[in-house]
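Position one of the sequence shown corresponds to residue 390 (the numbering used here), numbered consecutively onward. Note that beta-carbon positions come from the ideal geometry of N, C-alpha and C, so glycine has one too. All remarks here apply to the structure that follows.
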Amino acid sequence: MNKYYLQREQALLLIIDMQEKLLAAMKYQDQVVKNTKILLEMSHVLGLPIVVTEQYPQGLGRTVKEIWTNCSDIRLIEKMSFSAYTSELIQFLQDSGRRQIIVAGTETHVCVYQTVRDLLNNGYTVFVCSDAVASRFTLNYYNGLNLMQEMGAVITNTETTLFDFLQVAGTPEFKQLSKLLK
Numbered sequence: 390m391n392k393y394y395l396q397r398e399q400a401l402l403l404i405i406d407m408q409e410k411l412l413a414a415m416k417y418q419d420q421v422v423k424n425t426k427i428l429l430e431m432s433h434v435l436g437l438p439i440v441v442t443e444q445y446p447q448g449l450g451r452t453v454k455e456i457w458t459n460c461s462d463i464r465l466i467e468k469m470s471f472s473a474y475t476s477e478l479i480q481f482l483q484d485s486g487r488r489q490i491i492v493a494g495t496e497t498h499v500c501v502y503q504t505v506r507d508l509l510n511n512g513y514t515v516f517v518c519s520d521a522v523a524s525r526f527t528l529n530y531y532n533g534l535n536l537m538q539e540m541g542a543v544i545t546n547t548e549t550t551l552f553d554f555l556q557v558a559g560t561p562e563f564k565q566l567s568k569l570l571k
């Protein structure tokens with residue numbers, strides 16, 4: 390049961406391959422970008438580390454500009470492998486000491502799936518925000534989510550993640566972050 394409780398001091402945000410050419414082909418791309426921006430702002434306000442990966446940026450383009458607002462504290466990792474669980478990410482995770490990974494990105498059934506599988510296999514607790522991940526085809530999207538859930542990932546959404554961190558209304562953080570959901 391403990392795996393379902395997000396802890397601010399244990400969590401970080403991992404955004405996988407939200408790149409120009411990839412995202413252009415995704416279903417519900419506007420929703421995915423909107424929710425990823427909410428997760429980014431939440432992470433900034435709560436002081437969570439943020440990592441963004443890019444799959445072969447020379448061919449697939451850079452991370453979409455909507456994600457790169459107010460991002461001086463974001464760690465960027467370029468990769469060629471589908472899984473983002475590279476030596477550079479492993480080192481970042483070890484240095485951070487964080488064990489809970491909140492995941493957004495594309496594609497649900499390829500890079501997100503393989504990364505989540507590797508994270509789970511290495512003892513991390515993974516929260517996949519289903520409204521902040523995407524695939525080109527609906528069947529692949531649901532297949533990816535189902536596989537990750539069967540492996541032990543927590544399949545959640547952006548609002549649940551945000552409110553799980555906030556816990557109570559009326560705090561300055563609540564007032565600042567709840568505005569993002571309107």
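{"Asked": "Below 8 angstroms on the Cβ atoms is my guess for S476 versus C500; work out the distance and round it to an integer in Å.", "Found": "Their Cβ separation, rounded to whole angstroms, is 17 angstroms, which puts S476 and C500 out of contact at 8 angstroms."}
{"Asked": "Using alpha carbons as the reference points, say which of Y502, T425, Y513 and Q444 lies closest to T550.", "Found": "T425"}
{"Asked": "Using 8 angstroms as the threshold, is the stretch 399-419 in touch with the stretch 428-442, meaning 3 or more CB pairs across them?", "Found": "yes"}
{"Asked": "Which value, in whole angstroms, describes the spacing of the CA atoms of V492 and V522?", "Found": "8 angstroms"}
{"Asked": "Hey, is the stretch 512-528 in contact with the stretch 543-560, meaning 3+ C-beta pairs nearer than 8 angstroms?", "Found": "yes"}
{"Asked": "Between Q538 and V434, which are expected to be in contact by the criterion C-beta below 8 angstroms, what is the C-beta distance as a whole number of angstroms?", "Found": "About 28 angstroms separates the two Cβ atoms, so there is no contact after all."}
{"Asked": "Roughly how many angstroms separate the alpha carbons of N529 and T560, rounded to a whole number?", "Found": "39 angstroms"}
{"Asked": "Can Q408 and R451 be called in contact, C-beta distance under 8 angstroms?", "Found": "yes"}
{"Asked": "Where does T550 fall in DSSP's three states?", "Found": "helix"}
{"Asked": "Work out the CA separation of H498 and K416 for me, nearest whole Å.", "Found": "13 angstroms"}
{"Asked": "I'd like to know whether the C-beta atoms of R397 and F554 end up nearer to each other than 8 angstroms.", "Found": "yes"}
{"Asked": "Look up R464 in the DSSP assignment and say whether it is helix, strand or coil.", "Found": "strand"}
{"Asked": "Using the rule of at least 16 other Cβ atoms within 10 Å of the residue's Cβ for burial, across every protein chain shown, is L395 buried or exposed?", "Found": "buried"}
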